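A short write-up of the structure that comes next.
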Amino acid sequence: MDKVLGNKKTIFLLVLPGILVMIAGVLFPILMSGYLSLTSMQGGGAAKFVGLQNYIKIFTKDKTFWVSIVHAIILGFSYMLFQHPICMGFALLLDKMGGKAEKVFRVLFFIPCVISIMVTSKMWVNILNPTFGVFNKVLTAIGMEGLARNWLSDPNTVFISVLFIIMWQGFGYGMLIYYAGVKGISGDVNEACQIDGATGFRKFFSVTLPLLMPVVKVNVTLGMISALKQMETVFLITDGGPGDRSQFIANYLYQQAFRAFKYGYANAIAVVFVVICLVVTVIYNKVIVVEDL
Amino acid sequence: MTNTHTLNKTAKQKKLIIKSIMWAIMSLFAVLQFFPLIWVTNFSLTKDSDVFTSGILKVPDPPEWQNYSLAWVNGNILKYTINSMFVVGTTILIVAVLSLILGYAFTRMKWKFANAWLTFILIGMMIPIHTTLLPNFLIFRQFNILDTPLALIIPYVAFSMPLGVFIMTGFMRSIPRELEEAAVMDGCGVMRIIFQIILPITKSAMVTIIVMTFINNWNEFIMGATFLSSVMWKTLPFAVYEFSSQYVSRYSVQFAVMVLSALPSLIVYICLNEQIAKGVTFGAVKG
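Chains A and B supply the protein sequences, listed in that same order. With my numbering applied, the first sequence corresponds to residues 1363 to 1655, in that order. With my numbering applied, the second sequence corresponds to residues 280 to 566, in that order.
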């Protein structure tokens, strides 16, 4: 047995393709980023070594970079404060409904998540369009035409609009994970509650919520990571504008790389970005004990 | 007797009221959640100018079906769908096979550094794809594979495989070893053990991996936008992207393109919703 399962040559052949894919697709690009981040490479030009200059610029001068980080943090907190409570509420409600309705609504709520971000983003651009968008029409219909505006180019409303759209897109994911958590609470617990007469809010705060805490942690961390990685929606809706009012790191990185052609600088942003994601992940692993995986 | 009877009745009534309230909340929220999709679908069947009506929805009278034929042809829907199927299909196949083989090597084979290499692969899950766009663009340009399907398949596989390996190793640790011991006694090679004995047992993990790889790559477009430039290999999300910039004022046809390009993943979801729900919640919840 050990002879077969310990055969070095077999192991090498089994593992090699996968490792090569990771090296080609992830490790090598990141190492290359690391190298180019120390240069002043612009577009197709040669790479001239400039040491840590790009990094110094990011940490001391680059307002846009820090605005992007702040936006990611705000998005992360918005998930926690607005999206997650709604997700959890509906997960509990779904569980309560039972029967066919439970299944139908569960399937329905996830639909926006399987539709391409491309479609849902362009859809929201049309909905918020100042001349024919239905959002302003609805506001007018309910007598709040004073609020009608160009939501996505008004500097005061662009960020809130973008946050709203991103949370709309992600609602199904959050709800589904909470729903799985609710389903994981065993029937015994519910029975015990019934016998002890714990119902409604008391049951929620002293029984259900504590039992859901592991799922809450997972969801919060997933939310934080997805907030950091936010790009597609912003790229399609506002491209970070007006000004940097709705800028996110990945989008800024893309602009620096493929519009400004500052290859050296963009790579430095990429390296800092990777480090931030890894740090958040380490915290995630420390905070969350994923058992039996 | 009558007392308990009325009590039961009021309890029943109360239950009914609660149930109706739940239904009302759910339906209201579902309508709010779906309204954007309904609006787009509605106006994909009207004339372009109808979008400017002051009404919120409009009965398409008669429905402008030619919006859809125009969207189908000028939006390149068929070609882009086939491209997406090819690129994502190839990705799924490679990811499935690699996850199976790697999962086996990491959980069953005995070798030094197995854990270190596993960690190396799993870290891939944490890296944002966006940080590799620029270096990969430069590398692919060097190797002349920009604007070919390889430019998408390589990064798609690299970013989907870690999740696959994560799912597979988790699953394989729960499989008892007796079956393989018998196979080894009979002189079975490792490849035969993996594909004839392990593969059938890992069916449910396999389905999760396939479903998640599909979900994560089918709608991806930022790599496509970076690595592809000609129509030849573009994937389905580009139908909307290109159409909305080429036919700026053809609102209804634009909406039709959106509906058409949302359909394939919607159909897959309707057919596989249980598996997708399982895949999405995998790892987040124990059991």
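Every residue gets a Cβ at the ideal spot worked out from N, C-alpha and C, and that includes glycine. Everything numeric in this text was worked out from a predicted model, so none of it was measured.
Under 8 Å between C-beta atoms of residue i and residue j
i	j	result
phenylalanine 322(B)	tyrosine 530(B)	yes
asparagine 1416(A)	alanine 1630(A)	yes
alanine 1503(A)	isoleucine 335(B)	yes
leucine 401(B)	valine 436(B)	no
methionine 491(B)	isoleucine 408(B)	no
isoleucine 1528(A)	asparagine 1581(A)	no
isoleucine 406(B)	valine 1634(A)	no
serine 1430(A)	leucine 1525(A)	no
tyrosine 383(B)	leucine 515(B)	no
valine 536(B)	glycine 354(B)	yes
aspartate 479(B)	tryptophan 1486(A)	Before going on, a small fix: residue 479(B) reads as proline here, not aspartate. Cβ atoms of proline 479(B) and tryptophan 1486(A): not closer than 8 Å.
asparagine 496(B)	valine 367(B)	yes
glutamine 1609(A)	glycine 1532(A)	no
valine 374(B)	serine 439(B)	yes
methionine 1514(A)	threonine 1600(A)	Here residue 1514(A) is leucine; the residue named in the question, methionine, does not match the sequence. Contact flag set, yes.
valine 532(B)	alanine 350(B)	yes
glycine 1559(A)	methionine 1442(A)	no
proline 1474(A)	glutamine 554(B)	no
valine 1544(A)	leucine 1454(A)	yes
tyrosine 1627(A)	glutamine 1617(A)	no
phenylalanine 579(B)	proline 428(B)	Not covered by the structure: residue 579(B). The range shown for chain B is 280 to 566.
Between the CA atoms of residue j and residue i - distance to the nearest angstrom
i	j	result
leucine 1655(A)	leucine 377(B)	Summary for leucine 1655(A): the model assigns pLDDT 36, below 50, so the residue's position carries little reliability; its value from the coordinates is reported in the next sentence. Roughly 19 Å between the two C-alpha positions.
lysine 565(B)	serine 1568(A)	A caution first: lysine 565(B) carries a pLDDT of 48, below 50, which makes its placement in the model unreliable, though a value can still be read off. Approximately 21 Å between the Cα atoms of the pair.
isoleucine 1587(A)	valine 1642(A)	7 Å
asparagine 1518(A)	alanine 1510(A)	13 Å
glutamate 1653(A)	cysteine 1639(A)	Confidence at glutamate 1653(A) is low in this model, with a pLDDT of 45, below 50, so its placement is unreliable and the value that follows should be read with caution. Spanning the two alpha carbons is a distance of roughly 22 Å.
glutamine 475(B)	glycine 1451(A)	45 Å
glutamine 292(B)	serine 299(B)	11 Å
isoleucine 546(B)	asparagine 498(B)	14 Å
isoleucine 1477(A)	threonine 410(B)	24 Å
leucine 295(B)	proline 1604(A)	51 Å
alanine 1632(A)	proline 339(B)	49 Å
glycine 1368(A)	tryptophan 396(B)	16 Å
lysine 1624(A)	leucine 1615(A)	10 Å
alanine 1622(A)	glycine 1413(A)	21 Å
serine 1548(A)	alanine 1463(A)	21 Å
leucine 1378(A)	threonine 1372(A)	10 Å
methionine 1394(A)	phenylalanine 1566(A)	51 Å
phenylalanine 1494(A)	methionine 1593(A)	26 Å
methionine 280(B)	leucine 307(B)	Low confidence applies here, because methionine 280(B) scores a pLDDT of 49, under 50, leaving its location unreliable and the question unanswered by this model.
tryptophan 1428(A)	aspartate 1516(A)	21 Å
lysine 1423(A)	glycine 1602(A)	19 Å
leucine 1376(A)	threonine 487(B)	22 Å
isoleucine 1420(A)	valine 1432(A)	14 Å
phenylalanine 522(B)	glycine 1508(A)	33 Å
Cross-chain neighbours of residue i in chain B, by beta carbon under 7 Å
i	result
proline 1517(A)	Within 7 Å Cβ-Cβ: nothing; proline 1517(A) doesn't reach chain B, min ~24 Å.
proline 1391(A)	Thr411, Pro414, Asn415, Ile418
valine 1366(A)	Val463, Val469
alanine 1612(A)	Pro407, His409
Interface residues of chain A facing residue i [CB-CB closer than 7 Å]
i	result
asparagine 249(B)	This structure leaves residue 249(B) out entirely; chain B is present only between 280 and 566.
proline 315(B)	Met1485, Trp1486, Ile1489
threonine 560(B)	Leu1538, Ile1539, Ala1542
Closer than 8 Å at the beta carbon, the chain B residues around residue i
i	result
serine 1478(A)	Trp497, Asn498, Phe500, Leu515, Pro516, Val519, Ser540, Ala541, Ser544
serine 1395(A)	Thr410, Thr411, Leu413, Pro414
alanine 1386(A)	Ile433, Ala437
valine 1500(A)	Ile335
phenylalanine 1597(A)	Ile501
glutamate 1594(A)	Phe500, Ile501
Residues that residue i contacts on chain B, provided the C-beta gap is smaller than 9 Å
i	result
aspartate 1558(A)	Result: empty, since nearest Cβ-Cβ is about 19 Å, beyond 9 Å.
phenylalanine 1526(A)	None at all; the shortest Cβ gap to chain B is about 11 Å.
threonine 1372(A)	Ala384, Met388, Gly468, Val469, Met470
methionine 1459(A)	Lys298, Met301, Trp302, Met305
Within chain A, partners of residue i - CB distance below 9 Å
i	result
leucine 377(B)	Pro1379, Gly1380, Val1383
alanine 556(B)	Arg1468, Val1469, Phe1472, Leu1538, Tyr1541, Ala1542
isoleucine 356(B)	Going along chain A, no residue has its Cβ under 9 Å from isoleucine 356(B), so there is no contact; the nearest lies around 12 Å.
methionine 447(B)	Those within 9 Å of methionine 447(B) in chain A number zero; the least Cβ separation is about 11 Å.
methionine 440(B)	Gly1380, Val1383, Met1384, Gly1387
Within chain A, partners of residue i - CB distance below 8 Å
i	result
valine 352(B)	Per Cβ cutoff of 8 Å: no residues; valine 352(B) is ~19 Å from chain A at best.
isoleucine 494(B)	Val1476
Handout entry: Positions along the segment 287–313 of chain B whose CB lies within less than 9 Å of some CB in chain A
Key = Ile297, Lys298, Met301, Trp302, Ile304, Met305, Ser306, Phe308, Ala309, Gln312, Phe313
Exercise for the section: Select from the segment 325–349 of chain B all residues with a C-beta closer than 7 Å to any C-beta belonging to chain A, and list them in chain order. Expected result: Val330, Phe331, Ser333, Ile335
Practice task
Say whether the segment 498–514 of chain B touches the segment 445–461 of chain B, bearing in mind that this needs 3 or more beta-carbon pairs closer than 8 Å, one atom from each stretch.
Solution key: no
Practice task
Mind checking the segment 380–410 of chain B against chain A and listing, in chain order, the residues whose C-beta falls within less than 9 Å of any C-beta there?
Solution key: Ile380, Leu381, Tyr383, Ala384, Phe385, Arg387, Met388, Lys389, Trp390, Ala393, Trp396, Phe399, Ile400, Ile402, Gly403, Met404, Met405, Ile406, Pro407, Ile408, His409, Thr410
Exercise for the section: Determine which residues of the segment 502–522 of chain B have a Cβ less than 9 Å from any Cβ of chain A, and write them out in chain order. Expected result: Ala504, Thr505, Leu515, Pro516, Phe517, Ala518, Val519, Tyr520
Practice task
Please confirm if the segment 1397–1405 of chain A is in contact with the segment 1376–1387 of chain A, defined as three or more CB-CB distances below 8 Å between the two stretches.
Solution key: no
Handout entry: Contacting positions in the segment 1629–1648 of chain A - beta carbon closer than 7 Å to chain B
Key = Asn1629, Ala1632, Phe1635, Val1636, Cys1639, Leu1640, Thr1643
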